[in-house]
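S.K.: Pasting in a structure now, in structure tokens, and then I'll have a few things to ask.
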Amino acid sequence: MRLPVNLQYLYKSMTPRYPKWQPGDPKHRIFFPEFWMRIMRPQENRPLRPNVVRFECHIEMTKNDIKQYLEKIYKIETLDVTTIIQQGKENRHPITSEIIDPDPDKKFAYVFLKNETFDYPDLWRGKMPSDELLRDERRMVSATSKQNAQLIHRPGISNWFR
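Take a look at the structure:
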């Protein structure tokens, strides 16, 4: 679903340019910048220690920004912040192999907590959909993908004409 520009999710919208802070510079007086952080579960094959939390954050956030964001707003004491930038996937055209629409890069932050541990909440306890609904959903998706696979070799014809 596409929302109007003024109602888009914060992590999908553009943010204004934010000057990078360097040691020795005066403080930037921005009280609540349009940065965002989203907590992420650890990957299944890479479990984290109990005092480490994984976030996906805005690409322009620095380690210092992340640390201050958590300490000043949420009062969370942090020992260290490690950031990793993951390159976005390159989507290629199935026939011509040209890059069509590359996904944007993502930045992940691993925050080491000082005196706390973090347990991920179980949000879906007792709220899982029934097996019949899941089966119907899978059947619909497979039917759509089969139909799209048949139409892939018609590159010059628009969708409404097919």
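Just so you know, we're using the working numbering here: the sequence shown kicks off at 292 and counts up by one. Positions of the beta carbon are idealized from the N, C-alpha and C atoms, including for glycine.
1. When DSSP labels each residue in this structure, what does Thr-374 get in the three-state scheme?
2. Round the Cβ separation of Tyr-360 and Phe-326 to the nearest angstrom and send it over; I've been treating them as touching at under 8 Å.
3. Going by alpha carbons, who is nearest to Pro-393 out of Leu-414, Val-372, Arg-383, Val-432?
4. Is the CB-CB distance between Val-343 and Ile-330 below 8 Å?
5. Does Met-328 come out as helix, strand or coil in the three-state DSSP assignment?
6. If you drop the 5 nearest sequence neighbours on each side, which residues of the same chain put their C-beta closer than 6 Å to that of Pro-395?
7. Tell me which same chain residues have a C-beta within less than 7 Å of the C-beta of Asn-355, skipping the five on either side of it?
8. Classify Met-352 as buried or exposed, calling it buried when 16 or more other Cβ atoms lie within 10 Å of its own Cβ.
9. If we ignore side chains and look at the alpha-carbon of each, how far apart do Trp-266 and Phe-346 end up?
M.R.: Taking the definition as stated:
1. Three-state result, Thr-374: strand.
2. About 7 Å separates the Cβ atoms of Tyr-360 and Phe-326, confirming a contact at the 8 Å cut-off.
3. The residue among Leu-414, Val-372, Arg-383, Val-432 with its C-alpha nearest the C-alpha of Pro-393 is Arg-383.
4. Taking 8 Å as the Cβ cut-off, Val-343 and Ile-330 do not qualify as a contacting pair.
5. In the structure shown, the three-state DSSP call for Met-328 is strand.
6. The residues are Gly-379.
7. Excluding positions up to five away in sequence, the list reads Trp-312.
8. Counting C-beta atoms within 10 angstroms of its own C-beta, Met-352 has 16 or more neighbours from the protein chains shown and is therefore classed as buried.
9. Residue 266 is absent from the structure shown; the chain starts at 292 and stops at 453.
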